[in-house]
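These notes concern the structure reproduced below.
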Amino acid sequence: VVTAEIKVSYFKAGMGEKLHAIGYVIKKGRKLNFCEAEIWSVSGDKRDLIAKATTTMAVITPTDVNHKMNA
Numbered sequence: 060v061v062t063a064e065i066k067v068s069y070f071k072a073g074m075g076e077k078l079h080a081i082g083y084v085i086k087k088g089r090k091l092n093f094c095e096a097e098i099w100s101v102s103g104d105k106r107d108l109i110a111k112a113t114t115t116m117a118v119i120t121p122t123d124v125n126h127k128m129n130a
């Protein structure tokens with residue numbers, strides 16, 4: 060799997076006791092996977108969303124790579 064496209068939005072600085080990341084696969088396809096991730100700053104009971112990313116991942120196989128190299 061390789062990154063075909065990525066967009067990251069930064070909302071604020073990552074200040075806090077720890078950072079918490081959550082990733083999701085929104086749609087899994089035969090050739091493309093669509094994913095999202097959120098990064099949260101955590102201090103006690105307070106959580107702040109500090110960044111969010113969306114990405115498209117391309118699924119490649121050895122056959123795909125060999126075909127392009129021999130073309």
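The sequence shown lines up with residues 60 to 130 when you count with my numbering.
For glycine and all other residues, C-beta sits at the position ideal for the given N, C-alpha and C.
Since this is a predicted model, take the numbers as computed values, not measurements.
If you draw a straight line from the C-alpha of residue i to the C-alpha of residue j, how long is it?
{"i": "Val84", "j": "Leu91", "result": "11 Å"}
{"i": "Thr122", "j": "Glu64", "result": "22 Å"}
{"i": "Gly75", "j": "Ile98", "result": "12 Å"}
{"i": "Gly88", "j": "Lys66", "result": "20 Å"}
Using a 10 Å radius around the Cβ and a threshold of 16 neighbouring Cβ atoms, would you call residue i buried or exposed?
{"i": "Ser68", "result": "exposed"}
{"i": "Ser100", "result": "buried"}
Give me the Cβ distance between residue i and residue j, rounded to the nearest whole Å; I'm assuming they're in contact under 8 Å.
{"i": "Ile81", "j": "Ala96", "result": "7 Å"}
Taking C-beta to C-beta, are residue i and residue j nearer than 9 Å?
{"i": "Cys94", "j": "Thr113", "result": "yes"}
{"i": "Lys105", "j": "Phe70", "result": "no"}
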